Structure formats: C-alpha cells, structure tokens
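Asks:
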Amino acid sequence: MYDIAIIGAGINGCSVAYEFANSGKKVILFDEQGVAGGGSGAAGAFISPKFSKAGDLKELLHDAFVYSLDFYEKNFPSYLTKAPLLHIAQDEEDSAILKYYKLNTSFALKTPSNTVLNSLRAEVKMQENLCMDGGVVDASGVCYAMSKSLKFVQEKVKTLVEKDAMWVLNEKYLATHVVFATGAYESILKEPYIKLRGVWGHRIDIKTTTQNTSSIHQFVSISPSKNGVLAIGATHNVHYHPQLATMPYEVEEGRLELLEKASRTLKLDNIEILKDYTGLRSGSFDYLPLVGKLVNSEQTLAQKNGNFKTKNPNYESYAYYPNLYMINGSGGYGFVLAPYLAKMLREFVLEDKKIDARVNPARFFARWAKKI
Ligand SMILES: Cc1cc2nc3c(=O)[nH]c(=O)nc-3n(C[C@H](O)[C@H](O)[C@H](O)COP(=O)(O)OP(=O)(O)OC[C@H]3O[C@@H](n4cnc5c(N)ncnc54)[C@H](O)[C@@H]3O)c2cc1C
C-alpha cells in the first residue's frame, strides 16, 4: 500500500514524487511510456521567466523561475547548465514588450557577450534584446534523477476506483492519495470542466561548428553548445495531435522549419542532425496551470443550495473527490513551474496550506457550471 500514487512521470509527476518521497511518504509512480516519455522528454527545458508586461502568469512565472533555478542548482546541479539567457524581439510588438520589461523588472540585466553577439546574424544584432542569468535543464536526466529512489511502474493506469477510503489503481495497487500528472495525453479522468489543449513540439539536437554560449530565444529556442552539440526546439505545430491526427507527423518538415528559424538568428555552420525528440505539451484555456484537489462535478451540481451563477464563487462549498489531485497545464513552462508547483501541492496535502487561487482547478468548474 502506498501513501501516494502519481499517474504520469513527466516533469510534473516526477517533481511531485520527489517532494513526497523527501517528506518520507511511500510513493508509486506510473507512466505507460516510461519516465519522461511524454512532452517532458522532448523539451528544451530552458529555465526562463515570462517576458510580458503584466498578468497572473507573468507573476507566477517570476516566482517559479527564482525558486526553480535555485531548486535545480541545489538538488540536481549536474542536470543544470547555467547560461545567460538572451531573448531577442521577433517584431515591433515584441520589441515594445521587451523595452517595458527591461525598465520594470527586478532581475539584474546583463550585456550580451561579444562572443554571442558575433555569432548572431548582422540584422539580428539591431533588434531589441534582453539578457539575464538563466539555465537549461537536461530534461530526461532530471526526471530520471527525481524518480530514481522510488517505485516506478511502466503501465497505463486504466482504472481508478475508490474503495474503503483508498484508491485502487488497475485493480492491483492501493494508495491513499492519487495525483493526475498526465499532461496532454488522454486522461482517464472524465470531468467535463477539465479541458486542456495539446500543443505538439519538436526538438532537434545538432552537431555544428558554431559555438554558442547563451540560450537564445527568438523564433525558436537555441541552447548553449556542449561538446559541439546544441538543441533547437519549439512547440510550434499546434495543428498536429498524435491521438487525433490521421497522418503521421512529418519529421523532415519539422526539422527544416526548426533549422530555418534558428538560422534566421544564428549563423549555423556544418550542421548534422543527431536526434529528434517530439511530444505534446498541455496548456489550459487561461494559460495558468492547474494544481490542487478535484471537484466532483456531478455531486457539486446536485447540491441543494448550489448557486453557480455567482460572480465570486466559494470554492470551499464544492464537493471534491477525496484525496484526488492534479498538476497539469504548464504550457511551455513545465520545467520552470514543476518544482514550484509540486512544493505547493505537497504543502497543501501534508501541511494544509492554501493553494494559490490562480492555479486552483476549481476555477474551471466555476466557469463551466455558470454556463450550464
Ligand atoms: C519541444 C518542446 C519544447 C519545450 N521547451 C520547454 C522549455 O524550454 N522550458 C519549459 O519549461 N518547458 C518546455 N516545454 C514544455 C514542457 O515540456 C511541458 O510543460 C512539460 O513537459 C509538461 O510536463 P507534464 O509532466 O505535465 O507532462 P508530460 O511530460 O507529457 O507527462 C505526462 C505523462 O503522463 C503519462 N500518462 C498519461 N496518462 C497516463 C495513464 N493513464 N497511465 C500512465 N501514464 C499516463 C504520459 O505517458 C506522459 O508521459 C517544451 C515542450 C516541448 C514539447
């Protein structure tokens, strides 16, 4: 019997598993595709804040960026490459945002080094840019390291049944608490208010004689080079979904697109493609993640005094599944958010601390129930 079962071994599931195992809890982690077999294994895993003018996501990512960079450095230093983060404006609108951000941020900004400036295309040097300290994580490596000392089962969780104050998974495994960390992949959780969209991404590792010392973000993300190898990634192909598509993803087309976009920024010489990584990342419809306990919509709708057409719903009055939680919808920032959100979830479950209302999944129930 386990204290906690986690479904999904991407960066979210592995971060939650790590948090609970470190608190002395008996953890079991499931993934049908293996550790980091989903979107997490494909990620460039850049650790960056969000460069925008304002908003909840920007604020959340600011805190998560500071927390997670420190978390990886302290706990998984061999999987973190600290490198300057150079963000270059794509267009006029982006340029205005960067200018605003630079004037208003509390982060220390840097001047890009001459080495990195010299590797950029001449026209790109003229664009507005922002440079600060950041990092890149070894995506699969860190997921494996987080889950190394706990029970991992490579199995699809097909059934989850509540019995005698316990959850029974696949008619075999017992756990008191269950966390869904299933990303954009089809979930066995059938709650109509939980809607996530999957965005397909592609990353390539290439060998090149071009030396790059920063992580560069413009049309795509380009990692610093290590032993002559650098990664180029983007979650650009929003129209492709492996579970819905009738045709396979065109890898060659994706490669050409990534190389063309990276070459608009950086002079890339003597290229050899070494490896492709593809996967889905999941985003929510308000772009903020979902972390916390799960509303049972059927039971909540049946509540006698349930008034859902209200401006300020009281989430506490809803009926929840006992000891059932989720962590999902991190968009393109899963590696920035996961350690921060996993800590939040652990403190909520074990220490009864409040979940940040901005990420509470109950907000989606409230919006959905208002409409029906
Ligand atoms: C190309 C690309 C580049 C990216 N770059 C960055 C970046 O630079 N920085 C950043 O922070 N983020 C980046 N992201 C986003 C980041 O990868 C995601 O936010 C993150 O991986 C989400 O993690 P997750 O654990 O929620 O989902 P996933 O990693 O997708 O994990 C979910 C897992 O659940 C498993 N699963 C689902 N249902 C079941 C079931 N019933 N039983 C068993 N297992 C199940 C799946 O097999 C899957 O492995 C990128 C994504 C992509 C695709």
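Per our numbering, residue 16 is the first one in the sequence shown, and the count goes up by one each step.
We put the beta carbon where it would ideally sit given N, CA and C, even for glycine.
These numbers were taken from a predicted model, which means no experiment stands behind them.
Quick check on the DSSP output: the beta strand (DSSP E) that includes S297 runs from which residue to which?
Replies: Looking at the DSSP string, the run of the beta strand (DSSP E) that includes S297 is E287 to G298.
Asks: Hey, T280 and I219: beta-carbon distance below 8 Å or not?
Replies: It is not a contact, given that the beta carbons lie outside the stated cut-off.
Asks: Indicate whether F91 and V157 have their beta-carbon atoms separated by less than 8 Å.
Replies: Yes, the Cβ-Cβ distance between F91 and V157 is below 8 Å.
Asks: Contact between the stretch 206 to 226 and the stretch 274 to 290: three or more CB pairs below 8 Å?
Replies: These segments touch.
Asks: Taking 8 Å as the threshold (C-beta atoms), are I43 and A196 in contact?
Replies: No, these two residues do not count as a Cβ contact at 8 Å.
Asks: Shortest alpha-carbon distance to V50 belongs to which of Y336, K326, Q169 and K282?
Replies: V50 has its Cα closest to that of Q169, out of Y336, K326, Q169 and K282.
Asks: Taking the alpha-carbon positions, what's the L271 to E366 distance?
Replies: Whole-angstrom Cα-Cα distance: 49 Å.
Asks: Give me the Cβ distance between A154 and A58, rounded to the nearest whole Å; I'm assuming they're in contact under 8 Å.
Replies: Contact holds; Cβ gap of about 5 Å.
Asks: Between the stretch 308 to 317 and the stretch 257 to 264, do at least 3 Cβ pairs fall closer than 8 Å?
Replies: Verdict: no, contact absent.
Asks: Grab me the residues of A246's own chain with a C-beta within less than 6 Å of its C-beta, minus the 5 sequence neighbours each way, in chain order.
Replies: These residues qualify, in order along the chain: G59, R218, D220 and S238.
Asks: Between F35, Y340, F323 and Y17, which lies nearest to S332 when the distance is taken from Cα to Cα?
Replies: Residue F323 is the option with its Cα nearest to S332.
Asks: Around the Cβ of H254, are there at least 16 other Cβ atoms within 10 angstroms (buried) or fewer (exposed)?
Replies: Exposed.
Asks: Ignoring anything shorter than 3 residues or poking outside the stretch 301 to 366, list the beta strand (DSSP E) runs there in chain order.
Replies: With a minimum length of 3 residues, the continuous beta strand (DSSP E) runs that stay inside the stretch 301 to 366 are 305 to 310 and 335 to 343.
Asks: Confirm the yes/no value for this check: CB of Q48, any heavy atom of ligand 1, distance under 7 Å.
Replies: Yes, since a heavy atom of ligand 1 falls inside the 7 Å radius drawn around the Cβ of Q48.
Asks: Under a three-way DSSP split, which group does R218 fall into?
Replies: DSSP places R218 in strand when its eight states are reduced to three.
Asks: Is DSSP giving S83 helix, strand or coil here?
Replies: Note: S83 maps to helix in three-state DSSP.
Asks: Within the 8 Å Cβ cut-off, does D284 reach chain B?
Replies: Looking at the structure shown, chain B is missing, and only one protein chain is on hand.
Asks: Rounded to whole angstroms, what is the Cα-Cα separation between Q258 and Y94?
Replies: The alpha-carbon atoms of Q258 and Y94 are separated by roughly 31 Å.
Asks: When you compare only the Cα positions, how much space is there between C29 and A137?
Replies: C29 and A137: Cα-Cα distance of roughly 42 Å.
Asks: Put I247 into one of helix, strand or coil per three-state DSSP.
Replies: I247 falls in the strand class under three-state DSSP.
Asks: Give the straight-line distance between the Cα atoms of A98 and K114, rounded to the nearest whole angstrom.
Replies: Cα to Cα, A98 sits roughly 22 Å from K114.
Asks: Measure from the alpha carbon of Y302 to the alpha carbon of each residue in K319, A277 and E74, then state which is nearest.
Replies: Here the closest residue by C-alpha is E74.
Asks: Provide the residue(s) that pair with R212 in DSSP beta bridges, ordered along the chain.
Replies: For R212, which the question treats as bridged, DSSP gives the partners G298.
Asks: Is it the case that the CB of L295 approaches a heavy atom of ligand 1 more closely than 7 Å?
Replies: Under cutoff, so the answer is yes.
Asks: Return the chain-ordered list of same chain residues with a C-beta closer than 6 Å to the C-beta of G248, the five sequence neighbours on each side being excluded.
Replies: Cβ neighbours of G248 beyond the five flanking positions: G59, R218 and S236.
Asks: Just the C-alpha distance for I62 and D179, rounded to the nearest angstrom, thanks.
Replies: Whole-angstrom Cα-Cα distance: 42 Å.
Asks: Quick check on A372: buried or exposed, where buried means 16 or more other Cβ atoms within 10 Å of its Cβ?
Replies: The residue is exposed, with fewer than 16 neighbouring Cβ atoms inside 10 Å.
Asks: From E201, V31 and V214, pick the residue whose C-alpha is nearest to that of K40; which is it?
Replies: Comparing Cα positions, the closest option is V31.
Asks: Using a Cβ-based criterion (distance less than 7 Å to any ligand heavy atom), does Y330 qualify as near ligand 1?
Replies: No.
Asks: Within the same chain, show all residues whose beta-carbon is closer than 6 Å to that of A353, passing over the 5 residues directly before and after it, in chain order.
Replies: So the qualifying residues of the chain are I26, N27 and S30.
Asks: Going by DSSP, what residues sit across from H232 in a beta bridge?
Replies: In DSSP, H232 forms a bridge with H102 and S236.
Asks: How about F207 and G307: do their beta carbons lie closer than 8 Å?
Replies: The amino acid at residue 207 is misidentified as Phe; the sequence shows Pro. No; because the gap between Cβ atoms is not below 8 Å, this pair is not in contact.
Asks: Tell me whether N117 sits in a helix, a strand or coil according to DSSP, three-state version.
Replies: It should be pointed out that residue 117 corresponds to Lys in this sequence rather than to Asn. Looking at K117 - three-state DSSP - the assignment turns out to be helix.
Asks: Within this structure, are the beta carbons of Y116 and F66 separated by less than 8 Å?
Replies: The answer is yes: Cβ separation under 8 Å.
Asks: Under 7 Å from any heavy atom of ligand 1, does the C-beta of R270 make it?
Replies: No, since every heavy atom of ligand 1 falls outside the 7 Å radius drawn around the Cβ of R270.
Asks: Where do the ends of the beta strand (DSSP E) carrying G149 lie?
Replies: Counting along the chain, the beta strand (DSSP E) containing G149 begins and ends at N144 to V152.
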